[in-house]
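Under numbering that gives the first Met the number 0, the first residue of the sequence shown carries the number 0, and numbering increases by one thereafter.
Yeah, the Cβ is synthetic: ideal placement off N, Cα and C, and Gly gets one too.
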Amino acid sequence: MERLGLIEKYLISSSQVDSFDVLDDVITVKISGVTLNQISSIFVKLMSDPLISNVQVYTASTNDQNNSLTTATMTIQLAVDDSSNIE
């Protein structure tokens, strides 16, 4: 449920989520309807969340016009809580 909350909090509220996939501790999401500056802002917000360990923007496309809307694919690596592992 946390994973869906992250998608809603950071992505649905600020972009159009075209698709997403959750596999274990990795969320892959394709967003559109944003500028490159907005993608950068989303990246910074995601990286500041303690539940997230890494974010990668794999693709971003635009048509070279200032403030034009673009599409990006992001991979979000969730932080793994190892405190529950007993050795």
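{"query": "As assigned by DSSP and simplified to three states, the class of L3", "result": "helix"}
{"query": "Pairwise C-alpha distance: E7 and L22", "result": "17 Å"}
{"query": "Strand pairing of M46, partner residues [DSSP]", "result": "In the DSSP output, where bridge partners are listed per residue, M46 has none listed."}
{"query": "Inter-residue CB distance, T74 and T58 (contact presumed, cutoff 8 Å)", "result": "At roughly 11 Å, the Cβ-Cβ gap does not stay under 8 Å, so T74 and T58 are not in contact."}
{"query": "Selection from V33, E1, M46, I41 that minimises the alpha carbon distance to Y9", "result": "I41"}
{"query": "8 Å Cβ cutoff met for T27 and D17", "result": "no"}
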